[in-house]
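Visitor: I'd like to ask some things about the structure below.
Numbering (this note's numbering), first residue to last: 4 to 170.
Dropping the structure here:
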């Protein structure tokens, strides 16, 4: 199944394929491909490996996959964003994202997350969830800008956010 890239004002969310995921996991950019310093980070590698595992176990996840975040002007890869899996029985999906440290503070995570909210809504998910470390206030702000609201936090656990997408 061919999934198209999603363009935002400044970014391109490029859906990973298994060969691309394997290349990222091996930290092997294509000739001429530009990766920002620090890409892939620990979170990117964990996300890519989970994507590869899901593909091997369940097949192609359609739009509910991992995406590389590229700056449209120049193609620099600055991070990743994606779904932890397809919608569950309640129609809900969980998202995770990360931008390399040198590219943070430019609004890229907010822009990418807003696009992913749209992807989830168009694909029929009813709820989008995310969480962040209690000390990661910038990530809390990213989710709030995407329309997500804080719904709880555990004893020392992550702060949880969600947005209802539809019926």
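C-beta atoms are modelled at their ideal positions from N, C-alpha and C, and glycine is treated no differently.
Can the beta-carbon of residue 81 be found less than 8 Å from the beta-carbon of residue 100?
Guide: In this structure, residue 100 does not lie closer than 8 Å to residue 81 by Cβ.
Visitor: Could you have a look at residue 67 and say whether DSSP puts it in helix, strand or coil?
Guide: If DSSP states are grouped into helix, strand and coil, residue 67 belongs with coil.
Visitor: If residue 128 sits next to residue 90, beta carbons under 8 Å apart, how far is it from one beta carbon to the other, in whole angstroms?
Guide: With 8 Å as the limit, residue 128 and residue 90 qualify as a contact, their Cβ atoms being about 5 Å apart.
Visitor: If distances are taken between C-alpha atoms only, which option among 51, 169, 37 comes closest to residue 68?
Guide: Closest by alpha carbon: 51.
Visitor: Which value, in whole angstroms, describes the spacing of the CA atoms of residue 44 and residue 26?
Guide: Computed Cα separation, rounded: 14 Å.
Visitor: Going by C-alpha distance, which of 139, 108, 158, 85 is nearest residue 132?
Guide: Residue 132 has its Cα closest to that of 85, out of 139, 108, 158, 85.
Visitor: Please report the straight-line C-alpha distance between residue 141 and residue 160, rounded to a whole angstrom.
Guide: Computed Cα separation, rounded: 17 Å.
Visitor: Apply the 10 Å Cβ neighbour rule to residue 65 and answer buried if 16 or more other Cβ atoms are within range, or exposed otherwise.
Guide: That one is exposed.
Visitor: Rounded to whole angstroms, what is the Cα-Cα separation between residue 72 and residue 10?
Guide: Whole-angstrom Cα-Cα distance: 10 Å.
Visitor: In the DSSP assignment, what are the bridge partners of residue 73?
Guide: Residue 73 pairs with 15, 80.
Visitor: Of the choices 30, 107, 74, whose alpha-carbon is the least far from that of residue 12?
Guide: If we check each option's Cα against that of residue 12, 74 comes out closest.
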